[in-house]
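Its first residue numbered 126, the sequence shown is counted upward by one per residue in the working numbering. Note that beta-carbon positions come from the ideal geometry of N, C-alpha and C, so glycine has one too. Since this is a predicted model, take the numbers as computed values, not measurements.
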Amino acid sequence: WLDSQFVFRGSSALHACCSARARLGTMVLLPECRAAPAVSFRAADMAGEVRRSYVDQLLARPWSVRSRTGSHRAASWQAFCGGAAACGVAAGGRVACRGACRPHDAGAARWRLPEPQRRRRGGRGSGCGGGLGRCARGGGDEEEGLCFRVEPQAGRGLGVIASRALRAGDLAISERPLLTYRGGDAEWVVELQRQYVALPSQGQQAIMALQDSFAVSGEKSVPGIVRTNCFMRGMGSSDGVLCPTASRFNHSCVPNCEQSWDEDLGEMQVYASTDISVGEELTIFYIDIRAAAAERAVRFRDFGFKCGCPACSAGSAASDGRRERLQELVLRTGAVAREEPARALEMVSEAMALYDVEGIHVNSFRKGACQFAAVLSLRLGNEAQARQWSSKAVAYSELCHGAAHAETRRLRALTDGGTG
126 WLDSQFVFRG SSALHACCSA RARLGTMVLL PECRAAPAVS FRAADMAGEV RRSYVDQLLA
186 RPWSVRSRTG SHRAASWQAF CGGAAACGVA AGGRVACRGA CRPHDAGAAR WRLPEPQRRR
246 RGGRGSGCGG GLGRCARGGG DEEEGLCFRV EPQAGRGLGV IASRALRAGD LAISERPLLT
306 YRGGDAEWVV ELQRQYVALP SQGQQAIMAL QDSFAVSGEK SVPGIVRTNC FMRGMGSSDG
366 VLCPTASRFN HSCVPNCEQS WDEDLGEMQV YASTDISVGE ELTIFYIDIR AAAAERAVRF
426 RDFGFKCGCP ACSAGSAASD GRRERLQELV LRTGAVAREE PARALEMVSE AMALYDVEGI
486 HVNSFRKGAC QFAAVLSLRL GNEAQARQWS SKAVAYSELC HGAAHAETRR LRALTDGGTG
């Protein structure tokens with residue numbers, strides 16, 4: 126359940142996705158400067174030629190690494206490569222640092238003007254540009270009409286506001302990205318610029334209107350905008366996308382929506398995680414929110430803002446304790462399961478209860494927990510209980526990915542014994 130398919134965004138997206146894995150043995154490499162570009166490659170590549178022309182200016186900066194077996198700090202990139210073995214880096218292990226990575230193939234970045242609402246698999250709706258979106262009911266009945274508007278929020282820039290009531294599982298937007306990238310190519314800046322230049326003026330204006338937390342002297346850049354606003358294409362992925370309208374959704378540590386990448390459609394989608402009233406702001410999460418407020422605040426530095434959501438502004442020691450416990454459960458349950466599956470199942474149930482107490486309605490978190498509980502139940506020989514957990518996983522997947530998403534179809538097939 127560590128690999129639930131939720132999607133982080135922004136320059137810390139890859140760092141956030143890898144942070145839990147760093148504690149489990151995979152390491153996270155961080156340049157010790159705020160605006161460092163990303164590098165993503167395998168440890169085996171360290172012994173060979175590493176072409177990173179766009180980080181030449183950073184090679185002399187200090188670098189540091191954390192892993193399960195220890196930590197290592199070097200005065201430069203070259204020094205780090207020479208001493209990486211001291212950190213227990215196995216050949217083939219994945220190494221990553223935060224920031225944007227390699228552009229995706231240019232053919233995938235096709236500008237598409239806003240289209241009318243159209244019927245899709247399972248009746249899912251389409252988002253539309255220009256700050257407006259359309260949505261469809263999670264049950265499959267397509268509905269016309271705007272479901273949100275983008276407007277200024279006091280002290281927070283722009284925000285997405287519900288223009289009508291939404292139910293949990295409603296699709297708020299499904300948007301094809303304007304720019305895409307993959308992890309690991311030194312030419313990502315050049316490729317992103319090429320994609321940007323190929324867009325019509327309307328697409329370029331939509332991109333340049335976005336926040337750039339890495340602007341120098343107030344001058345925005347395409348790489349800076351991408352690093353600030355990108356979404357990752359699934360948990361653990363180093364590939365990302367830039368969707369101007371979806372990027373308008375602000376962060377909250379108690380979000381009422383969540384993002385999901387649909388590989389089949391090639392679109393970023395945002396679903397309501399819980400019931401939402403007219404006039405309520407629609408929010409998603411940029412980082413893993415299962416951490417204490419102080420730890421979350423450190424991660425927000427990459428976005429250049431201070432979170433003012435209810436969990437941060439009116440938080441408490443009790444709330445911090447519950448979220449720290451959730452973080453511990455996510456990290457430890459897998460190890461406990463190897464020797465004590467019954468105890469691990471209790472830990473999953475505890476996590477589910479903590480989500481309720483904390484008001485964390487991130488259905489992808491719950492989906493992953495239920496998946497793992499189903500596996501544990503099978504190990505304990507309780508097939509009836511396993512089917513119950515698996516059915517819950519399907520229900521949560523429908524809420525956070527949609528009924529026709531590949532992940533939901535996969536889980537449904539498993540639950541139905543391979544007949545779905």
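Exposed unless 16 or more other CB atoms sit within 10 angstroms - verdict on residue i
{"i": "residue 467", "result": "exposed"}
{"i": "residue 502", "result": "buried"}
{"i": "residue 341", "result": "exposed"}
{"i": "residue 347", "result": "buried"}
{"i": "residue 364", "result": "buried"}
{"i": "residue 426", "result": "exposed"}
{"i": "residue 473", "result": "buried"}
{"i": "residue 528", "result": "buried"}
{"i": "residue 277", "result": "exposed"}
{"i": "residue 362", "result": "buried"}
{"i": "residue 217", "result": "Summary for residue 217: the model assigns pLDDT 30, below 50, so the residue's position carries little reliability; its value from the coordinates is reported in the next sentence. Looking at its Cβ environment, which holds fewer than 16 other Cβ atoms inside 10 Å, residue 217 is exposed."}
{"i": "residue 336", "result": "buried"}
Residues near residue i in its chain [Cβ-Cβ closer than 7 Å; skip 5 each side]
{"i": "residue 450", "result": "479"}
{"i": "residue 290", "result": "401, 402 and 403"}
{"i": "residue 389", "result": "531"}
{"i": "residue 321", "result": "304, 329, 332 and 347"}
{"i": "residue 447", "result": "479, 482 and 483"}
{"i": "residue 334", "result": "none"}
Straight-line gap, residue i to residue j (C-alpha atoms, nearest Å)
{"i": "residue 500", "j": "residue 345", "result": "48 Å"}
{"i": "residue 350", "j": "residue 314", "result": "12 Å"}
{"i": "residue 537", "j": "residue 275", "result": "35 Å"}
{"i": "residue 272", "j": "residue 385", "result": "18 Å"}
{"i": "residue 436", "j": "residue 306", "result": "33 Å"}
{"i": "residue 520", "j": "residue 319", "result": "41 Å"}
{"i": "residue 413", "j": "residue 487", "result": "10 Å"}
{"i": "residue 410", "j": "residue 284", "result": "14 Å"}
{"i": "residue 255", "j": "residue 280", "result": "Residue confidence for residue 255 is low, a pLDDT of 33 falling below 50, so the modelled location carries little weight; the figure read from the coordinates is stated next. Computed Cα separation, rounded: 22 Å."}
{"i": "residue 366", "j": "residue 296", "result": "19 Å"}
{"i": "residue 373", "j": "residue 415", "result": "23 Å"}
{"i": "residue 417", "j": "residue 512", "result": "34 Å"}
{"i": "residue 343", "j": "residue 534", "result": "46 Å"}
{"i": "residue 440", "j": "residue 316", "result": "43 Å"}
{"i": "residue 490", "j": "residue 395", "result": "15 Å"}
{"i": "residue 323", "j": "residue 524", "result": "36 Å"}
{"i": "residue 463", "j": "residue 509", "result": "21 Å"}
{"i": "residue 498", "j": "residue 507", "result": "11 Å"}
Under 9 Å between C-beta atoms of residue i and residue j
{"i": "residue 378", "j": "residue 397", "result": "no"}
{"i": "residue 460", "j": "residue 493", "result": "no"}
{"i": "residue 371", "j": "residue 286", "result": "no"}
{"i": "residue 505", "j": "residue 470", "result": "yes"}
{"i": "residue 408", "j": "residue 380", "result": "yes"}
{"i": "residue 476", "j": "residue 458", "result": "yes"}
{"i": "residue 375", "j": "residue 282", "result": "yes"}
{"i": "residue 399", "j": "residue 311", "result": "no"}
{"i": "residue 496", "j": "residue 516", "result": "no"}
DSSP beta-bridge partners of residue i
{"i": "residue 283", "result": "277"}
{"i": "residue 474", "result": "Residue 474 is not bridged to any residue."}
{"i": "residue 392", "result": "387"}
{"i": "residue 341", "result": "344"}
{"i": "residue 536", "result": "Partner(s): none; residue 536 has no beta bridge."}
{"i": "residue 434", "result": "None, per the DSSP bridge assignment."}
{"i": "residue 382", "result": "397"}
{"i": "residue 420", "result": "DSSP lists no partner for residue 420."}
{"i": "residue 298", "result": "395"}
{"i": "residue 406", "result": "286"}
{"i": "residue 291", "result": "401"}
8 Å CB neighbourhood of residue i in its chain, flanking five on each side removed
{"i": "residue 419", "result": "445"}
{"i": "residue 405", "result": "286, 287 and 381"}
{"i": "residue 422", "result": "431, 432 and 437"}
{"i": "residue 358", "result": "132, 364, 365, 366, 386 and 388"}
{"i": "residue 542", "result": "none"}
{"i": "residue 540", "result": "512, 515, 516, 518 and 519"}
{"i": "residue 434", "result": "376, 377, 378, 379 and 408"}
Same chain, Cβ closer than 6 Å to residue i, neighbours up to 5 away in sequence not counted
{"i": "residue 429", "result": "338"}
{"i": "residue 368", "result": "300, 302 and 393"}
{"i": "residue 432", "result": "425"}
{"i": "residue 331", "result": "369"}
{"i": "residue 327", "result": "none"}
Below-9 Å beta-carbon distance, residue i vs any chain B residue
{"i": "residue 311", "result": "The chain labelled as chain B is not found in the depicted structure, where only one protein chain is given."}
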